[in-house]
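In terms of UniProt numbering, the sequence shown has 456 at position 456, counting the first letter as 1, and numbering is strictly consecutive.
From the three backbone atoms N, C-alpha and C, an ideal C-beta is built for every residue, glycine too.
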Amino acid sequence: MTEVDERSRYASVTAGARVFALIVLAAPVAFTGDYGPILNVILVAAVWMIAIFVEGLHRIPVLPALVLEAGLVTFLAAWTLADSRVLLPAIGLPLFIGGLVRGSRGMLEVAVAELVVLTVTIVPNNAIERTADLVWTVFTWLMVGLGFGAIGAIVHNLRAETPSTAGSYRDARALIAQLINLSGELVDGLDPVGISRNVLGLTRAELPLTAAVVYTPSIFGPTPLVEGDVATAGIQLRDALIEQVFAAAEPLIVEDQLAFPLLTEAGVVAVVAGVIEPQTRGESSALLAKAKALTRSFTPEAVQLDTALLFTTVRDEATTEERHRLARDLHDGVAQDLAALGYLIDGLEETSTTTEQAEQVEELRSELSKVVAELRRSIFSLRNDANAGNTLGQSIEALAGHIQSRSGIPVVVELDEGESRLRGGVEQELLRIAQEAMNNAVKHARASKIVVSCTVHPPHAEIRVQDNGRGLQVGRDDSHGLRIMKERARRIGARLDLHNSTEHAGVELVVALGATRNAGQVPGNQTG
């Protein structure tokens, strides 16, 4: 918040304080009948009225206005000392206003201005008797003013810690604008998988590791983000070692495995863990020193990865919310319209007078039922997510059950899942690929059975969707299903293979994450 905003924020308080102080100053003059200083009281009132007016003019800087007000009030109070000390309390008000508007800094600035004016006004003026009593009185009112100034500064600091709603919205708007710019300009630079692969490549160039994995924290514990050649090594990295590095934020070696953190100012963003090559396992001290040096040198990559993970979280949440919104709109809009159309068809069926009309109405009813079934399947697919409540396998089971109930085609699901889970965004992409494959089997394969197998042992995962239908067909020009599945697989670093089954009739789709098999080329002319 700017200083102009601060002045406007406290305008009512400072105006009330000036009016109250003016009443306090004028009351003794009226009560005692001492009208000598009345002109200066009027001048002080004029200064304060002008100050109240100036607070509404944002063009005038805050500091000069405060210092000028304090100087004029102090000059009038000091000039009157030859006749009366009735205006001395007025020097405390500018200190309070300075502390309220600018904090302790403003209070000190006003105090310096008042001391300078008091010195310049009193010392050369021979009409003012500079007695100890006068010095003590001036000092007392200055201390009182500083006390009120300290109170104002405390109020200022407390208000600063609880920003206004408008200010929060302005900050949020600025951050959202920056996020939009980033999403348009830095998409490639905000890919956590790509960043992690770069880190693994640089790590293997410095450390003798035969396998390496980048882990990120999640509610399920350390979650693999991307693996190096751990699949070929056939080694299970120790979860305890990875968790210790997350907690200690220091490189560690346990037996034949090494792990080190990727650090930012906010803490540990990720942990790189790997298996040490046999010929260098006795060099623990040297390896730890290299790992510490890598932790320091990877600070830019850690910041980039942290930003990419945050951006991915925001994007995934926005995507999920948009899917749910589309599902609501379809349910409340198109679905209701189709239901109303069904009632109209029922009415036509009752009024049919010939067999031909009845057959046409029945055909229309059949087509409408297919559209409604497809719409319901789409709504369910939009709402069904892999989330904290369901594992990837459980989400696939729910989706398969829904497809079976709507299509009448048996869908068998075989699950093999470990205790740990993949990253949320990876699970979402795998679920959507499985969903598209099952829908394609229902719509195009003319299959009588679909078998889905889901194997998840992070950082590896594999999903197979098989049907016993008519096999791959020539694709339509407007078909986008296969292209979208390939894009989803590429986004998470998975390999997608679609081919006619060699064991039986039908099509087999395989999407593998972190597997060692060489996926074949995906044909470009399949129906999707």
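Problem set entry | Length-filtered (3 minimum) beta strand (DSSP E) runs lying within the stretch 343-380 | Within the stretch 343-380, no beta strand (DSSP E) run of at least 3 residues lies entirely inside it.
Problem set entry | Ordered list of alpha helix (DSSP H) runs contained in the stretch 73-135, each at least 4 residues | 92-122, all fully within the stretch 73-135.
Exercise. Looking only at its own chain, which residues have a Cβ that is under 8 Å from the Cβ of V268, when we skip the five neighbours before and after it?
Worked result: The answer, listed in chain order, is P217, V245, F246, A249, P261, L262.
Exercise. Alpha helix (DSSP H) containing F53: first to last residue?
Worked result: 38-54 is the span of the alpha helix (DSSP H), which, as asked, contains F53.
Problem set entry | In DSSP terms, what N500 is bridged to | Beta-bridge partners of N500 (DSSP): V507.
For this session: Give the straight-line distance between the Cα atoms of H331 and K292, rounded to the nearest whole angstrom.
Result: Roughly 55 Å separates the two Cα atoms.
For this session: Reducing DSSP to helix, strand and coil, say where F246 ends up.
Result: Look at F246 here: in three-state DSSP terms it is helix.
For this session: Look at the Cβ atom of residue 531, then the Cβ atom of L76, and state whether they are nearer than 8 Å.
Result: For residue 531 there is no data in the structure shown, the boundaries of the chain being 1 and 528.
Exercise. Grouping DSSP H, G and I as helix and E and B as strand, with all else coil, what is F31?
Worked result: In this structure, F31 counts as helix in the three-state DSSP scheme.
Problem set entry | Residue environment, H444, which counts as buried when at least 16 other CB atoms sit within 10 Å | Taking all protein chains shown into account, H444 has 16 or more neighbouring C-beta atoms within 10 Å of its C-beta and is therefore buried.
Exercise. Taking the continuous alpha helix (DSSP H) assigned at L190, which residues delimit it?
Worked result: In the DSSP assignment, L190 falls outside any alpha helix (DSSP H) and carries neither an H nor an E.
Exercise. When the Cα atoms are used, what is the spatial distance from S352 to S366?
Worked result: One C-alpha to the other measures close to 16 Å.
Exercise. Starting from L392 and walking both ways along the alpha helix (DSSP H), at which residues does that stretch end?
Worked result: It spans 392-407 - the alpha helix (DSSP H) in which L392 sits, taken as one unbroken run.
Exercise. Taking the Cβ atom as the reference point for each residue, do L207 and V275 lie within a distance shorter than 8 Å?
Worked result: Judged by their CB atoms, L207 and V275 are not nearer to each other than the 8 Å cut-off.
Exercise. Around the Cβ of F53, are there at least 16 other Cβ atoms within 10 angstroms (buried) or fewer (exposed)?
Worked result: Residue environment analysis places F53 among the exposed positions, since fewer than 16 neighbouring C-beta atoms fall within 10 angstroms of its C-beta.
Exercise. Which residues in the same chain as V123 place their Cβ atom closer than 6 Å to its Cβ, once the five residues preceding and following it in sequence are excluded?
Worked result: By the criterion of a C-beta distance shorter than 6 Å, V123 is surrounded by no residue of its chain, once the five residues flanking it on both sides are discounted.
Exercise. Can the beta-carbon of Y215 be found closer than 8 Å to that of A302?
Worked result: For Y215 and A302, no; Cβs fall outside 8 Å.
Exercise. If you draw a straight line from the alpha carbon of R281 to that of G418, how long is it in whole angstroms?
Worked result: The alpha-carbon of R281 is positioned some 30 Å away from that of G418.
Exercise. For I151, which option in T320, R377, R102 has the closest C-alpha, if you only look at C-alpha atoms?
Worked result: Ranked by Cα distance from I151, the first of T320, R377, R102 is R102.
Exercise. Which residues in the same chain have their Cβ closer than 7 Å to the Cβ of L115, if we skip the five residues on either side of it in sequence?
Worked result: Hits under 7 Å: none found.
For this session: May I ask you to list the residues that DSSP assigns as paired with D416?
Result: Answer by DSSP bridge pairing, in chain order: T455.
For this session: Give a yes or no on whether the C-beta atoms belonging to R470 and R446 are separated by under 8 Å.
Result: Yes, these two residues count as a Cβ contact at 8 Å.
Exercise. Out of curiosity, what's the CA-to-CA distance linking F96 and A30?
Worked result: The C-alpha of A30 is placed about 26 Å away from the C-alpha of F96.
Exercise. Terminal residues of the continuous alpha helix (DSSP H) containing R464?
Worked result: Run containing R464: none in the alpha helix (DSSP H); it sits in the beta strand (DSSP E), 460-467.
Exercise. Over what stretch of residues does the beta strand (DSSP E) that includes Q257 continue unbroken?
Worked result: From DSSP, the beta strand (DSSP E) with Q257 extends over 257-264.
Problem set entry | Reduced DSSP secondary structure (H/G/I, E/B, other) of L472 | If DSSP states are grouped into helix, strand and coil, L472 belongs with coil.
Problem set entry | Where the beta strand (DSSP E) through I253 begins and ends | I253 -> beta strand (DSSP E) spans 252-254.
Problem set entry | For M1, the three-state DSSP class (helix, strand or coil) | In this prediction, M1 scores a pLDDT of 48, lower than 50, which makes its location untrustworthy; the coordinate-derived value is nonetheless stated afterwards. The DSSP-derived three-state label of M1 is coil.
Exercise. If we count the other Cβ atoms within 10 Å of its Cβ and call it buried at 16 or more, is E363 buried or exposed?
Worked result: Residue burial is scored here from C-beta neighbours: E363 has fewer than 16 other C-beta atoms within 10 angstroms and is therefore classed as exposed.
Exercise. Which value, in whole angstroms, describes the spacing of the CA atoms of S284 and G106?
Worked result: In this structure, the CA atom of S284 is about 58 Å from the CA atom of G106.
For this session: With A273 as the anchor, note down where its beta strand (DSSP E) starts and where it stops.
Result: Here the beta strand (DSSP E) through A273 covers 267-276.
Exercise. Do V47 and A26 have their C-beta atoms closer together than 8 Å?
Worked result: Contact: no.
For this session: Would you mind sorting N126 into buried or exposed? The rule is 16 or more other CB atoms within 10 Å of its CB.
Result: Under this definition N126 is an exposed residue.
Exercise. In the structure shown, what three-state DSSP assignment does P224 receive?
Worked result: In this structure, P224 counts as strand in the three-state DSSP scheme.
Exercise. Between T223 and the rest of its own chain, which residues show a CB-CB distance below 8 Å, the 5 nearest in sequence each way excluded?
Worked result: Closer than 8 Å at Cβ, skipping near neighbours: Y215, T216, P217, S420, R421, L422, R423, P458.
For this session: Assuming V465 and M438 form a contact by the criterion Cβ under 8 Å, report the distance between their Cβ atoms to the nearest whole angstrom.
Result: A Cβ-Cβ separation of about 6 Å places V465 in contact with M438 under the 8 Å criterion.
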